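What follows is the structure, encoded as structure tokens:
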């Protein structure tokens with residue numbers, strides 16, 4: 001019983017405070033719905049499109065919330081790209097210098113986007129270097145505060161504003177959410193969203209969705225403890241390649257989630273094509289896993305209303321064109 | 329002086345009435361802004377993304393407004409695709425049967441989309457058949473009311489709700505619109521938007537934007553009379569291939585517009601790529617001409633705030649992938 005009474009690292013009030021900090025700064029992304037996608041699943045999909053967020057992903061929300069709350073003299077972050085751009089823009093808006101540690105093989109659009117936002121970029125080799133150690137070294141040397149990508153209450157609270165808006169916007173159009181699907185790398189977005197959604201929508205089932213090979217949260221939820229992904233796992237969902245659940249994110253997710261769902265790269269590519277066609281939205285692979293889970297029937301959708309978080313759209317033109325060209 | 333005192337076929341009150349009919353039915357598309365695009369033009373671009381509208385273009389607004397106001401027993405329409413889908417969905421929502429006359433070489437996504445919305449589709453040869461005659465024949469034979477694509481006050485008023493929302497949303501974020509750019513085929517969208525924008529934003533300059541070879545409105549505005557495009561003109565902006573300005577749309581546009589701007593197919597393709605990268609939005613060629621005009625410097629943008637109507641996103645995957653692959 002003790003687990004049920006322990007306080008979570010993020011509470012609903014923290015998400016509300018984040019929403020207040022982000023007012024007039026973050027985009028209140030609209031809630032999208034497509035006749036065609038609804039017909040495909042026999043239910044109602046209410047889609048929250050964070051590609052339309054500043055920097056092209058939800059990551060700006062958490063980064064701005066953390067930096068605005070902490071107001072450090074400088075910041076450093078390590079990221080495959082979306083957190084990088086979020087931190088870079090948030091720091092610039094708040095007049096704080098930022099250094100970002102990024103893998104050398106990150107999508108070019110993410111590397112270029114981060115530099116264009118005025119951050120200093122330090123690249124590393126994903127296979128041989130330890131990005132956390134590099135980030136810590138820069139923090140110690142320059143006095144910058146490390147802005148973690150997910151395992152930090154202020155980050156989770158900021159990402160949770162996606163779930164808060166989803167709940168409010170769905171209620172406004174008379175949609176009663178039976179479930180919500182949220183992509184999951186380190187687990188910060190789904191943790192924050194779960195805090196907001198379970199508070200606002202009693203009885204809602206919130207699922208983490210992960211790409212095949214990186215289903216650490218699904219397996220950890222089933223096992224009741226944090227498990228790692230295989231070191232040789234590969235996926236084209238570059239935004240979701242965290243090695244294992246965060247300590248704080250898993251504490252939230254183990255308590256609030258209904259479970260984890262897993263999708264293949266082919267299912268993700270199909271969802272990207274359907275979003276191109278019916279939503280007119282550019283979604284990156286990691287941003288499309290939740291939509292892919294609904295379209296591939298990984299949970300019951302008939303006559304149900306499902307909230308879907310589409311988390312980002314920072315995908316290189318070459319890869320996007322390649323996905324469009326693949327057989328459906 | 330008589331031209332200045334003649335009443336226009338569409339007044340601001342007609343746009344307000346359309347907004348009332350569309351409330352809770354059409355999507356109030358958000359207003360988007362990109363740090364990167366603003367930096368490119370040295371000003372502020374406030375972008376109204378109608379690809380996020382139901383059926384993927386603004387055409388749903390006018391179609392629904394007209395059919396909801398007229399409540400005919402059945403409707404027929406001729407269209408290269410976007411008006412087709414708009415009429416098909418509007419008719420279905422209002423419980424009215426629809427027949428759509430479409431060119432056989434229309435983008436597959438538009439043909440399929442129209443059929444999927446429950447309309448009967450009749451195809452014709454763009455080079456040899458007269459689509460207006462085919463539409464009239466069906467109307468006479470079946471008793472259906474013809475829903476014109478642009479030269480109809482209820483259609484213009486419905487499209488004008490795009491401009492009304494643009495004015496309201498820009499004001500809400502403190503943006504004072506110096507100019508607005510709106511794509512122009514037959515001229516219904518820009519006419520409706522001009523009625524709304526010139527009423528709401530005193531002193532605003534509203535421009536029609538057309539693809540090279542189909543600059544009939546630009547030339548007609550300069551000449552003070554309606555002029556035709558060359559019969560052998562070609563453009564990949566399939567949504568904007570009207571042969572000459574409409575009679576009613578030109579009456580409005582000649583009075584309210586600041587002028588016409590013209591963009592090349594290459595400038596349009598470049599705008600589509602920049603929208604992919606920075607807005608995460610799928611835009612069809614005809615939907616991107618206004619954005620292309622701003623990005624290609626067809627009017628002064630430095631330190632100005634420019635409203636941009638992006639009108640639709642119904643583009644085939646093959647063409648979109650091809651545009652992404654072209655050199656910038």
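Chains as they are written, first to last, in the numbering used here: chain S, 1 to 328; chain V, 329 to 656. Where a beta carbon is used, it is the ideal one built from N, C-alpha and C, also for glycine. All values reported here derive from a predicted model rather than from experimental measurement.
Extent of the continuous alpha helix (DSSP H) to which residue i belongs
i             : result
residue 135/S : 131-142
residue 598/V : 593-606
residue 526/V : 516-528
residue 561/V : Here residue 561/V belongs to no alpha helix (DSSP H), and DSSP marks it neither H nor E.
residue 651/V : 645-653
residue 222/S : 216-223
residue 109/S : 108-116
residue 249/S : 247-256
residue 567/V : Here residue 567/V belongs to no alpha helix (DSSP H), and DSSP marks it neither H nor E.
residue 127/S : Per DSSP, residue 127/S belongs to no alpha helix (DSSP H) and is neither H nor E.
Buried or exposed (CB count within 10 angstroms, at least 16 for buried), residue i
i             : result
residue 128/S : exposed
residue 173/S : exposed
residue 649/V : buried
residue 367/V : exposed
residue 195/S : buried
residue 198/S : buried
residue 460/V : exposed
residue 171/S : exposed
residue 143/S : exposed
residue 178/S : buried
residue 381/V : buried
residue 342/V : buried
residue 88/S  : buried
residue 286/S : buried
residue 232/S : exposed
Alpha carbon of residue i to alpha carbon of residue j, nearest angstrom
i             : j             : result
residue 79/S  : residue 352/V : 40 Å
residue 640/V : residue 376/V : 10 Å
residue 46/S  : residue 33/S  : 5 Å
residue 617/V : residue 596/V : 6 Å
residue 582/V : residue 514/V : 13 Å
residue 102/S : residue 230/S : 22 Å
residue 602/V : residue 440/V : 27 Å
residue 86/S  : residue 122/S : 16 Å
residue 387/V : residue 12/S  : 41 Å
residue 270/S : residue 547/V : 45 Å
residue 1/S   : residue 156/S : Its pLDDT being 38, under 50, residue 1/S is placed unreliably by the model, and nothing is read from it.
residue 3/S   : residue 636/V : Here residue 3/S scores only 49 on pLDDT, less than 50, and its place in the model should not be relied on; the value that follows carries that caveat. Approximately 53 Å, taken between the alpha carbons.
residue 372/V : residue 629/V : 8 Å
Short CB-CB distance (under 8 Å) between residue i and chain S
i             : result
residue 608/V : yes
residue 500/V : no
residue 437/V : yes
residue 541/V : no
residue 400/V : no
residue 641/V : yes
residue 348/V : no
residue 564/V : no
residue 372/V : no
residue 454/V : no
residue 578/V : no
N-terminal and C-terminal residue of the beta strand (DSSP E) that residue i is part of
i             : result
residue 308/S : 305-310
residue 156/S : It is not in any beta strand (DSSP E) - residue 156/S instead sits in the alpha helix (DSSP H) that spans 153-172.
residue 181/S : 179-183
residue 205/S : 205-211
residue 426/V : 425-431
residue 610/V : Taken as a continuous stretch (DSSP letters only), residue 610/V belongs to no beta strand (DSSP E), as it is neither H nor E.
residue 123/S : 120-124
Below-8 Å beta-carbon distance, residue i vs any chain V residue
i             : result
residue 1/S   : Its pLDDT being 38, under 50, residue 1/S is placed unreliably by the model, and the measurement read from it follows with that caveat. Chain V, which has no Cβ nearer than 8 Å to the Cβ of residue 1/S, makes this no.
residue 291/S : no
residue 324/S : yes
residue 58/S  : no
residue 52/S  : yes
residue 317/S : yes
residue 332/S : Past the boundaries of the shown model lies residue 332/S; chain S is included only from 1 to 328, so the question cannot be answered.
residue 98/S  : no
residue 79/S  : no
residue 88/S  : no
Within chain B, the residues that residue i reaches when beta carbons sit closer than 8 Å
i             : result
residue 556/V : This model lacks chain B altogether; the protein chains it does include are S and V.
Which runs of the alpha helix (DSSP H) spanning at least 4 residues fall entirely within the stretch 347-411 of chain V, listed in chain order?
363-369 and 387-398
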